[in-house]
Structure formats: structure tokens, C-alpha cells
Amino acid sequence: MMRLDVARIDWAIRSAARYIGASGVAAILLLALTVLFVPILLVPALVQLQAAKSAPAQVRMVEEARRPELQNKEQLDSFYRTFPARSSVPDAMEKLYAAASEHRINLDSGEYRLVSTKADYLLRYELVLPVKGDYVSIRKFVIQALVDVPTISLDNISFHRQKSDDVVVEAELRFTLFLRRE
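Numbering (the numbering used here), first residue to last: 5 to 186.
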């Protein structure tokens with residue numbers, strides 16, 4: 005069993021105090037007091053601050069819960085009106101082809117399919133586009149397509165190379181253009 009040698013501990017503390025000086029001892033004491041008292045003083049203040057921050061949010065949540073369902077329907081209808089009508093497909097395709105042309109991507113062929121179910125509020129125009137080009141050009145084309153046509157989504161992209169050192173990459177891009185029912 006280890007014996008506590010008080011004299012040796014006292015000697016070690018005094019030696020350390022002489023080495024770091026009075027200002028060092030004061031700094032260590034100040035640090036110890038800070039470690040002890042900051043949690044005691046800071047935790048209640050943080051709890052009060054959090055309560056003050058969450059009070060307005062709680063009031064808003066209660067008010068929103070009391071709003072009539074009609075307002076929610078109006079908001080939903082407003083959301084669906086932000087989507088382009090089915091008749092705007094040629095405009096979206098023109099933007100897509102312009103982006104492809106700008107990045108030297110040929111859209112020679114593709115599969116286009118309009119998907120609609122009675123339960124859906126939106127029509128989906130699915131596009132499968134096989135393309136060839138260098139990787140950077142294909143990537144820039146995809147980015148520009150997503151920027152130019154905000155209601156289009158990139159669902160899948162797959163790349164294929166014949167040889168690992170080929171510059172030309174074959175890719176299959178799957179987009180979905182979301183449209184409003186007319």
C-alpha cells in the first residue's frame with residue numbers, strides 16, 4: 005500500500021511555487037477558481053437564455069397550430085403554382101439543349117416519358133439521356149441544367165469508359181422535370 009508522504013508533497017508544492025513565482029501561483033489559483041465557479045454561475049444563465057430564445061418559437065408554434073386549414077391549403081396551392089405548366093416543356097427542353105450545346109455535349113437521342121397518376125399533384129416528365137464527352141464537360145452540363153431549369157432534378161448519373169485512359173466518357177443521365185397540372 006502506498007503511504008502518503010505529506011512532507012514530500014509539501015516540498016514539491018513549495019519547489020514548484022518558487023520556480024513559477026508569485027504571479028504563476030496567482031494564475032494557477034485564478035484558473036482553479038474559474039474552473040470551479042464558471043459552471044456554477046454560467047449554467048443557470050445559459051438555461052435562462054435558452055428559455056428566452058425558445059419562448060417566441062413556442063408562441064409561433066401555438067399560433068400556427070391555431071390557423072385554419074384553409075390557409076394551409078392556400079399555401080400548398082401557392083407552392084404548386086410555382087411549377088411550370090405542362091405547356092412549358094419545350095422551353096425547358098430548349099434550355100437543356102442550350103446547356104448541352106454550350107458544353108459540347110451531344111443529345112442525339114433520349115427517352116422521354118410523361119408520368120402521371122391521379123393521386124399526384126404534379127406531372128413528372130422523365131428524361132433518360134445517353135451522352136458522350138469528357139467528365140468535366142458532362143459535370144458542367146449537369147450543373148448548368150439544374151440551374152437553368154429549377155424544377156428539374158437529377159435522379160441518377162452513371163459513367164462508363166471503354167479503357168481507363170480514355171478521355172471520352174459515356175454517361176447516362178436521368179432527369180425528372182416536374183410540371184403543374186393544367
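The beta-carbon is built from N, C-alpha and C at its ideal position, and this holds for glycine as well.
For residue i, three-class secondary structure by DSSP
i	result
I17	helix
T180	strand
A171	It is worth fixing the name first, because residue 171 is Val in this sequence and not Ala. V171 falls in the coil class under three-state DSSP.
L46	helix
L8	coil
Q1	With the chain represented from 5 up to 186, any question about residue 1 goes unanswered, as that position is not in the structure.
Q166	coil
Nearest neighbour of residue i, chosen from the options [CA to CA]
i	options	result
V171	A36, V151 and D138	D138
L131	L181, A16, N76 and L37	L181
V173	S141, A149, S157 and R185	S141
A149	L177, F41, R12 and D14	L177
S105	K122, A20, K144 and A175	K144
A102	V146, K122 and Y129	V146
K112	L133, L126 and K99	Here residue 112 is Asp; the residue named in the question, Lys, does not match the sequence. Minimum Cα distance to D112 is reached at L133.
I32	Y116, V42 and A21	A21
R120	R184, R85 and P94	Sequence inspection shows Ser at residue 120; the Arg mentioned does not correspond to that position. Measuring from the Cα of S120, the nearest candidate turns out to be R184.
G114	P154, A123 and M97	M97
L127	V93, V10 and V42	V93
Y116	K122, I109 and Y129	Y129
V153	L34, D124 and L100	L100
R231	V29, Q166 and D9	Outside the displayed span of the chain (5 to 186) sits residue 231, for which this structure offers no information.
I161	K136, A55 and S168	K136
F163	A175, L50, H107 and A11	A175
L118	R90, F41, R108 and L50	R90
For residue i, the residue or residues it bridges with in DSSP
i	result
N160	R178
A26	In DSSP, A26 forms no bridge with anything.
A89	R184
Which runs of the beta strand (DSSP E) spanning at least 3 residues fall entirely within the region 105-154, listed in chain order? 115-119 and 126-137
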